[in-house]
Every structure is written in structure tokens, then in C-alpha cells.
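Visitor:
Residue numbers (the numbering used here), protein chains in the order written: chain E, 4 to 372; chain G, 266 to 613; chain F, 36 to 330.
1. For the segment 264-283 of chain E against the segment 325-338 of chain E, do three or more pairs of beta-carbon atoms, one drawn from each stretch, fall closer than 8 Å, so that the two count as touching?
2. Interface residues of chain F around residue 29 of chain E at Cβ under 7 Å?
3. Determine contact between the segment 564-584 of chain G and the segment 390-397 of chain G, defined as no fewer than three beta-carbon pairs at a distance below 8 Å.
4. What are the boundary residues of the beta strand (DSSP E) that includes residue 207 of chain F?
5. List the residues that DSSP assigns as beta-bridge partners of residue 170 of chain F.
6. Using a Cβ-Cβ cut-off of 8 Å, state whether residue 209 of chain E counts as contacting chain F.
7. Taking the alpha-carbon positions, what's the residue 77 of chain E to residue 70 of chain E distance?
8. With C-beta atoms as the reference, is residue 570 of chain G less than 8 Å away from residue 364 of chain E?
9. Leaving out five residues on either side along the sequence, give the residues of the same chain with a beta carbon under 6 Å from the beta carbon of residue 166 of chain E.
10. Compare the C-alpha of residue 400 of chain G against each of G:383, G:483, G:568, G:410 and name the closest.
11. Less than 7 Å between C-beta atoms, sequence neighbours within five positions excluded: which residues of the same chain meet that for residue 471 of chain G?
12. I need the straight-line Cα distance from residue 596 of chain G to residue 329 of chain E, nearest angstrom please.
13. For residue 89 of chain F and residue 223 of chain F, I'd like the C-alpha separation in whole angstroms.
14. My assumption, with CB atoms under 8 Å, is that residue 532 of chain G sits in contact with residue 403 of chain G. Please give the rounded CB distance.
15. With distances taken from CA atoms, which of E:39, E:33, E:278, E:55 is nearest residue 46 of chain E?
16. List the residues of chain E that residue 171 of chain F touches, going by C-beta distances under 7 Å, in chain order.
17. Buried or exposed, going by whether 16 or more other CB atoms sit within 10 Å of the CB of residue 325 of chain G?
18. Here's the rule: buried if 16 or more other CB atoms are within 10 angstroms of the residue's CB, otherwise exposed. What is residue 356 of chain G?
19. Would residue 459 of chain G count as contacting chain E if we go by Cβ distances under 8 Å?
20. Is there a C-beta anywhere in chain F that falls below 8 Å from the one on residue 39 of chain E?
21. Run down chain F in chain order and give the residues with a C-beta less than 9 Å from the C-beta of residue 251 of chain E.
22. Please report the distance separating the alpha-carbon of residue 62 of chain E from that of residue 73 of chain F.
23. Under 7 Å Cβ to Cβ from residue 58 of chain E, same chain only, skipping five residues before and after it: list those, please.
24. At a CB-CB cut-off below 9 Å, which residues of chain F make contact with residue 317 of chain E?
25. Determine whether the Cβ of residue 544 of chain G lies closer than 8 Å to any Cβ atom of chain E.
26. Identify every run of the beta strand (DSSP E) within the segment 40-103 of chain E, keeping only runs that are complete inside it and at least 3 residues long; order them along the chain.
27. Taking the alpha carbon of residue 313 of chain G as the reference point, which residue from G:517, G:580, G:560, G:500 has its own alpha carbon closest?
28. Could you give the first and the last residue of the continuous beta strand (DSSP E) run that contains residue 221 of chain F?
29. Which value, in whole angstroms, describes the spacing of the CA atoms of residue 136 of chain E and residue 263 of chain F?
30. Quick check on residue 163 of chain F: buried or exposed, where buried means 16 or more other Cβ atoms within 10 Å of its Cβ?
31. Who are the near neighbours of residue 110 of chain F in its chain, counting only those whose CB is closer than 7 Å to its CB and skipping five residues on each side?
32. Compute the distance between the beta-carbons of residue 389 of chain E and residue 115 of chain E, then report whether it is under 8 Å.
33. Which full runs of the beta strand (DSSP E) of 3+ residues lie inside the segment 100-124 of chain F, going along the chain?
34. Taking beta-carbon pairs under 7 Å, can you tell me which members of the segment 190-220 of chain E lie near chain G?
35. In chain G, what lies closer than 7 Å to residue 350 of chain E by C-beta?
36. According to a CB-to-CB cut-off of less than 7 Å, which residues of the segment 128-142 of chain F neighbour chain E?
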């Protein structure tokens with residue numbers, strides 16, 4: 004028996020001359036390495052390119068959304084209004100009227116994308132997002148109670164949605180907890196609680212008078228109608244902090260993809276990290292939902308589309324955020340300007356989501372004939 | 266034909282498995298409970314009515330006001346509950362056997378979404394106003410969408426459970442989006458849909474039930490006819506083929522039966538959740554893995570659950586009522602959660 | 036025929052292992068009368084085991100004897116409910132998790148390679164305990180990954196996707212990942228299970244090379260003959276406690292195998308390496324040719 008040839012330690016290095024500092028790891032794709040003083044980062048070339056293109060697309064779509072409306076503006080007018088070059092009507096239209104909604108779509112979309120990425124990565128399930136653990140039904144219940152029983156203000160509504168959604172998520176997590184939380188159990192408990200709350204919501208809607216019920220249902224579909232700049236500013240500030248926290252957790256998150264044991268052996272505190280990522284994901288979705296109602300499917304789609312565009316292993320946050328922003332902006336544009344009557348943005352995202360699943364099915368069927 | 270001895274030993278935590286004799290006794294007990302509930306369903310309501318009056322109302326009709334209440338309201342409601350319950354129970358058992366997925370019900374095939382969307386269109390765009398009118402839309406919607414899901418979820422090798430679920434989600438989302446768009450811009454449609462979506466067996470006249478009975482009868486016969494082959498398929502397609510089961514024919518017959526049953530039930534009562542999901546579970550827990558017994562038990566246990574939930578809905582907020590679809594999900598969801606917390610219950 | 040040239044014993048490879056200051060007790064990692072188990076189910080009670088420094092320790096025993104549990108305890112994946120695991124003279128739970136990960140590496144029984152990850156990327160994930168939020172990919176990281184891939188001969192596969200590799204190649208990539216972690220001690224949980232015989236031997240040879248290069252290795256193995264041939268220190272476990280430990284040549288006897296596994300066997304010298312080799316006798320049958328064997 005002779006020693007297997009593959010064991011020769013120099014087999015790998017025979018082609019390249021071994022000299023420290025010149026050889027580079029071949030990742031099978033182009034990488035950008037930046038090393039300055041204390042900073043040393045490795046970026047994936049394709050991801051950087053894709054993210055840049057996505058950012059550009061988001062910017063263009065935002066300008067388009069600012070131009071469009073009953074009073075059409077030119078791109079030049081929009082840009083000069085944004086940079087403070089306009090006064091009077093154009094300034095009012097762009098900055099006071101249209102900008103809050105566009106910003107809301109952009110920021111909320113990014114938040115939902117990152118939220119979904121955190122969930123799909125920690126649960127290793129491409130169909131996971133905070134809404135599967137009952138968040139949307141719970142927040143809808145909270146909002147319905149505020150709208151129908153208290154007839155409250157916007158901020159009370161946001162509070163009710165927040166409390167309802169978070170209480171539901173906590174209940175689902177606790178009910179699914181049995182020596183740790185397992186993905187499948189979490190999903191099934193989420194389905195159960197969602198079904199119950201959805202029945203409760205149906206019943207609340209049934210007992211309300213028609214106008215109130217319709218207003219509540221519009222909220223429940225997820226709508227950016229009539230959002231004010233104060234509301235957007237508050238939501239965006241919360242989301243900015245949460246996104247920063249998410250970015251800081253992205254390394255342990257990617258490490259978790261290797262399996263719990265491998266991650267733990269490399270110094271990741273597995274349970275704590277998983278819980279923290281779920282909390283971050285819920286907090287991001289909660290902020291959006293409180294402000295606009297549950298906007299479905301963006302958190303589900305954005306990470307998957309981002310991953311397919313960048314072709315990275317596992318889910319990364321930046322593309323998910325940008326795709327989320329793009330989807331939400333596009334959906335809101337369609338809901339406002341293309342649909343025969345203005346619709347809640349959530350209706351468009353639901354249909355986009357259905358289309359995505361259909362596309363997934365068709366490609367799946369083609370791959371395995 | 267499958268022989269019981271060919272089956273895997275049932276040691277995998279499926280609960281108690283009783284002998285044929287005890288299963289038969291159980292069936293008789295279930296039948297007795299069901300009869301009791303049928304009577305109770307006529308007695309209990311916003312006003313309680315004595316059993317003697319119920320008896321008179323059915324067999325010695327007079328112009329007594331309580332008798333009217335029974336003949337015009339409680340009797341139709343009870344019969345509708347019986348039929349709808351049986352249909353939902355058997356359809357749930359069928360789809361769980363077919364997909365080998367203990368969490369499947371007709372809802373995951375997009376059936377509710379299809380029925381719901383069809384009713385929305387009927388009310389919102391075509392101006393249909395009464396429940397008898399939109400029953401047929403719901404039925405057609407359910408059938409068409411289930412067919413679409415099956416086509417979308419199939420490839421040349423047949424249907425994979427995962428792809429069917431995805432297809433159901435896909436069609437369901439598109440239709441629910443389109444449905445809400447219609448509802449939110451049309452107050453009439455919204456008003457009609459909010460009560461239809463709750464799922465109820467109230468004020469469904471018996472005239473509405475009769476034309477659907479032939480469908481149900483055919484579907485039930487089909488279901489029991491395929492229960493044997495489905496037993497074999499529980500062991501995997503290859504073993505089933507080895508035992509002489511014709512897979513494609515069995516699947517198609519089962520799908521026809523379950524679509525007729527679930528579609529018909531939903532057309533009459535609106536979406537009622539958890540009955541089709543829970544009842545086959547409980548049945549499997551009592552009788553073990555034999556589909557023939559599961560079907561028989563499901564056919565009895567489901568109307569028991571439905572009628573009991575309906576009675577509960579009349580009692581808890583008297584004189585108001587909670588639609589039965591809402592009660593069933595409040596009864597069913599905790600059971601589902603308890604099941605999934607148990608480690609091995611029925612293959613969960 | 037038996038040209039067992041130890042493949043990595045050149046100076047370049049020997050200098051690779053992270054130098055650890057040998058501990059006074061001769062064991063950087065040991066378990067002191069620990070009770071280890073899952074939840075309420077105790078697997079091992081009052082267990083004391085020391086891993087000799089710079090040894091290739093192999094833990095053997097029947098299924099569910101607590102060998103993997105011991106490994107999980109050693110790697111801090113399981114916290115003992117009583118007693119302690121000592122690393123470099125202090126309770127392992129008193130270290131920060133990343134600090135432990137810089138000293139002890141683990142190849143778990145099951146790991147998940149994310150879809151579409153390349154070999155280089157996967158091995159680079161092993162650098163996690165050495166990295167921070169703004170220091171994600173230093174020159175040291177790069178060199179450690181290259182070295183780990185050289186040692187496991189996967190450098191040529193670097194650009195390939197892990198999903199495309201054979202089982203043996205994939206396992207070498209995972210070993211490379213643990214190597215890149217640059218720890219003095221490496222724990223390996225059933226590293227050869229699911230591999231065919233050629234890849235099992237290839238992997239065992241690789242471990243021996245790493246051991247010669249200065250690593251302390253602790254492996255849980257199923258195959259007694261592999262254990263006896265490659266280990267420098269053998270720990271035999273049964274029902275959660277240690278039955279025997281020491282160099283294989285001293286402790287592997289027919290009596291021990293019978294005591295630990297309940298298997299009747301002959302122990303003969305391995306014709307190739309001279310290490311003890313276990314030949315099962317089978318059930319209730321006398322050895323085929325007792326006259327020639329017992330002389």
C-alpha cells in the first residue's frame with residue numbers, strides 16, 4: 004500500500020512559489036481586500052458591483068417617484084428641489100408632500116429586507132420571515148383594537164400594533180421553546196397562533212361599522228398613505244440604529260450557517276446570537292409595521308433575490324436591504340400610479356410575492372425534469 | 266388490497282392502537298355523541314327549547330313560535346353542519362394521506378383563496394347578492410384553483426408535496442392580493458366578504474344544500490374506494506407499486522374526491538379552518554395508520570367538532586353569536602400547538 | 036508494499052503548529068470529576084480525563100458510551116453540571132468564548148456547508164475567532180488559510196464549490212477550516228464516519244501528519260483498529276466512565292475489548308505497523324485454527 008498521493012503537502016503549492024505575503028487565497032471569485040492601519044476587510048467583487056447597481060436603481064426610482072403625480076415634474080426640478088434650489092410650489096410638492104412617502108418606502112423596504120435576512124439565516128429556511136411567527140396578525144389585532152375600540156390617533160395605532168406584534172412574537176417563541184427553539188416547531192406554532200388571531204381579527208372586523216372596518220382593513224393590508232414627515236423621521240431613526248446593530252451581528256450570523264456546533268466551536272455564542280438576531284429582525288419589522296401596517300412578502304423576497312444576484316454563499320445583509328428598498332419603492336409606485344385606483348402598497352407586494360413563488364416553481368420544475 | 270401484516274410496526278409514537286373490536290365500539294360511541302349533538306344543536310341557542318318541543322317540531326308540526334325557530338333556523342343549520350363537517354373531515358384525511366404531510370389541509374392547496382376570490386368577483390363585479398348565488402361561484406373558484414395548483418405543482422414525475430405547497434402559496438397570494446384590491450375599493454364587496462370569510466353555517470337554507478348532495482355522495486364513495494391503495498402508498502411509492510397500486514389513478518381519484526368535498530363544504534359555509542387539519546390527527550391517534558378507519562372516524566368526528574363549535578359559538582356571547590369558523594380556530598390552534606410540542610405525535 | 040513515509044515531516048510543516056507553552060501537568064486540557072449530560076439525562080458522572088499534551092488521543096467505546104459527550108464537554112459545547120473542564124490551568128467556562136476558540140478547535144460530527152460556498156471561503160470561515168468587526172481579513176488570516184489548505188492538500192480545490200467535492204475531499208476541507216483556526220488542540224468528532232476505506236486511511240494519515248507537526252489531537256473513532264494503529268494515547272469508555280487509558284500497545288487486549296464492547300476477539304500484531312489489531316471471533320464459534328495461533 005503506498006501513501007495516497009493527495010497527501011503530499013506540496014502538491015497544492017507546486018504551481019505557486021511559496022513566499023509569504025505574495026500568495027493569495029483563491030476564493031473562486033474576485034475579491035477586494037482593503038488593508039489600512041487597523042482596518043482589514045475583504046469584499047466580494049460581484050457583491051460590491053451588484054450593490055452599487057442596486058443603489059443606483061433605488062436612486063433613479065426614487066427620483067421617478069418624486070416626479071410622478073397629478074402635478075408632473077422634471078428630473079431636474081426634483082434634484083434642484085432636493086438640493087434646496089427650489090422654492091414655492093415645486094419645493095412643497097417634492098419635499099413636503101412626496102418625499103416623506105418615498106423615503107418611507109425606501110427605508111421601510113430596506114428594514115424589511117434585513118429583517119427577513121436575519122430570520123432566513125438563523126432558521127436556515129428560505130421561507131422564514133417575522134410574519135411567519137405571527138407578527139402581522141398580532142400587530143393587526145393590536146391596531147384593530149385601537150381603531151375600533153379606542154378610535155385612537157396615529158401614535159396610539161402605532162403603539163397598539165407594536166404591542167400586539169411583539170406580544171404575539173414572544174408568545175410564539177415561548178410556546179415553541181422546548182430545550183431551545185427549533186425552526187420547524189417555531190413555524191408550526193406561528194401558523195397556529197396566526198390562525199387564531201386571524202379569526203379574532205375577522206370577528207373584530209365583522210362587528211365594526213363598515214367605514215371603520217374598511218379603514219382598518221386598509222391599514223391591515225399595509226399602506227403608506229398619508230404618512231407624515233415626523234412619522235417617517237421617527238421610524239427612520241429607529242431603523243438606522245437597528246440596521247447598524249444588524250451589520251455588527253452579520254459575522255456571527257454568517258458563522259451560524261455552518262451549523263450550531265461548528266459555530267460554537269469557533270467562539271460564537273449560538274443561542275444568544277440566534278435570539279439576538281430574532282429580536283433584531285422582529286424589531287425592524289415592528290418599526291415598519293407600526294408605521295404603515297404589515298407590508299407582506301418583502302422580507303421574504305429581498306434576501307433571496309439579493310442572494311441570487313450576488314451569488315454569495317448564504318445570505319448577506321447589504322443586498323437584502325437594497326433589494327428590499329427597491330421592491331418597496333417599486334410596489335408603492337405601482338400601487339399609487341399604475342393601478343386604476345390608488346391601493347395599499349401591501350396588496351402589490353402580496354401579488355409580487357405570489358409571482359416570485361410561481362417563478363421559483365417554474366425554475367424548480369425545469370431544473371428537475 | 267393491502268394486508269395489515271404488510272405494514273410497518275406502529276411503534277413510532279402514534280399513540281394507542283386498538284383492536285378492530287374496540288375501534289368498532291369507538292365508532293358506535295362517536296355515532297351516539299353525534300346524535301346527541303344533533304339534538305343539542307336544535308335545543309340550544311338564543312332561547313333554550315325543550316327536547317319535547319324539538320320532537321314535536323319535527324314530527325307534529327304546528328304554528329308554535331319555537332317550532333318555527335327549529336324548522337326554519339336550527340334544523341337547516343344542524344343539517345348543514347353535519348354535511349359540511351363530514352366533508353371537511355374526510356377531505357382533510359384524504360389530503361394528509363395523499364401528501365404524507367400531517368399538517369396539510371385543503372387551505373394549502375389554495376382552495377379557500379380560490380373560493381374567496383370567486384365570491385369577491387361575484388359580489389364586487391357581477392353584483393350577485395345572495396348566499397345561494399355565490400355558492401356556485403365559490404364552488405367553481407375552489408375547483409379551478411385546486412386544478413391550477415395541481416398543474417403548477419406537478420412535474421413530469423408527479424406531484425411533490427413541497428411543490429404543491431409552494432404552488433398553493435403562490436396562487437393563494439396572487440388571488441388574495443387581487444381580492445383585497447377589489448374589496449378595499451368596493452364597500453359592498455367588502456361588507457359581503459367580511460362575513461363570508463368568517464365561515465358560518467347560519468342562514469344557509471336547505472334548498473341550497475340539496476343540489477350539492479350528489480357531489481358529496483360521489484366524493485365520499487371515491488374516498489373510501491381509494492383508502493386501500495392510499496394505505497399502501499403510505500409506505501412509499503415504490504412499495505405501493507410493488508403491491509400493485511396504480512399510483513396515478515389513485516392520486517387523481519383522491520384529488521377529485523377531496524376537491525369536491527372541500528370545495529363543496531367551503532362553497533356552503535365559507536372557509537372553516539382547522540377541522541380538516543385536526544380531525545384526521547385525532548382519528549389517527551385513536552385508530553392507528555389504517556386509512557379506512559381514519560376516514561370512517563374522520564367522517565364522524567369532524568361533524569362532532571363542527572356542531573360542538575357551533576353550539577359553543579351560540580352560547581358564549583348570548584344573545585350574540587360567534588361564527589363557527591372563528592370558534593374552530595380557537596379550538597383547533599391550541600390543539601395543534603400542543604401536538605407540535607409533543608415530540609412524536611403522529612409524525613410531527 | 037508498505038512504504039509508509041510520513042508525508043508531512045519536513046521542517047516547513049513542523050513549524051506550522053501554533054506553539055503552546057507545555058503545561059506543568061503535561062496536560063493543557065483535562066476534565067476534573069465532571070458530571071456531563073444533556074438536560075436531566077446524565078451521561079457521565081465524576082469523570083476525570085486528561086489529554087496528554089502533543090498526543091494523538093483517540094476515544095473509543097460502544098455507541099452511547101459518552102465519548103462524543105466527553106468531546107463536547109472538552110470543547111465547551113456542553114457545560115458540566117458539576118466539576119469542571121480545565122484549559123491551561125483555568126476553568127474553561129471562565130474564558131471568553133472566542134478565547135477558547137483560539138486555543139481549542141473542534142470538527143463537529145455534522146456541519147453544514149452553505150449552498151454555493153467555495154472551498155477557500157469555507158476554510159477562511161475558520162479564522163472567525165481571530166477577527167473583529169473592522170479587522171476581518173488581515174495578512175495573518177490569509178497566510179493561515181493558505182497554510183491550512185496546503186497541509187490538507189486542498190489548495191488546488193480552493194476555487195471549487197464545496198457541494199461539488201467528493202466526501203473525502205469535503206472532509207479534508209472541513210479539517211482545513213479547523214486548522215485555519217490555528218489552535219494547539221484539535222478535537223475531531225467521528226471524522227471518518229461516512230467515508231469509504233481509502234478516504235478513512237487518507238484522513239488518518241493526515242491526522243498523524245498534523246500530530247507530528249505538533250498539534251494535540253483528540254478524536255472519537257468507531258474503528259478500533261484505526262484507533263490502535265494511529266493513536267499515541269487511547270481512552271476506552273463504557274457507560275460514561277473511562278475503563279482504560281494509555282498507549283494502545285499497552286492497553287488493547289482481548290479482555291479489554293470484551294469488557295468494553297462485549298466482543299470476543301483475538302488481539303494480534305498488525306502485520307504492517309506492529310500495533311495491536313483486533314480480530315473478532317464471531318458468535319459462539321471457536322477460532323478457526325487455534326493450534327497455529329496459540330503457539
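Glycine residues also receive a C-beta, built at the ideal position from the N, C-alpha and C atoms.
Guide: Taking the definition as stated:
1. no
2. 155, 193, 194
3. no
4. Where residue 207 of chain F is concerned, there is no enclosing beta strand (DSSP E), although the alpha helix (DSSP H) around it starts and stops at 202-215.
5. Looking at the DSSP assignment, residue 170 of chain F forms a beta bridge with E:43.
6. With a threshold of 8 Å between beta carbons, residue 209 of chain E makes no contact with chain F.
7. 6 Å
8. no
9. 145
10. Comparing Cα positions, the closest option is G:383.
11. 341, 344
12. 41 Å
13. 15 Å
14. 4 Å
15. Taking residue 46 of chain E as reference, the option from E:39, E:33, E:278, E:55 with the minimal CA-CA separation is E:33.
16. By Cβ distance, chain E contributes 43, 44, 45.
17. exposed
18. buried
19. yes
20. no
21. 168
22. Cα to Cα, the separation comes out at about 53 Å.
23. 325
24. 149, 150, 151, 152
25. no
26. 42-47
27. G:580
28. 220-224
29. 51 Å
30. buried
31. Excluding residues within five positions, the ones whose Cβ falls inside 7 Å are 139, 141, 222.
32. This structure does not reach residue 389 of chain E, given that chain E is present from 4 up to 372, and the question cannot be answered.
33. Fully enclosed beta strand (DSSP E) runs of 3 or longer: 117-122.
34. 191, 192, 195, 196, 198, 199, 202, 205, 206, 208, 209, 213, 216, 217, 220
35. 442, 445, 446
36. 132, 133, 135, 136, 140, 141
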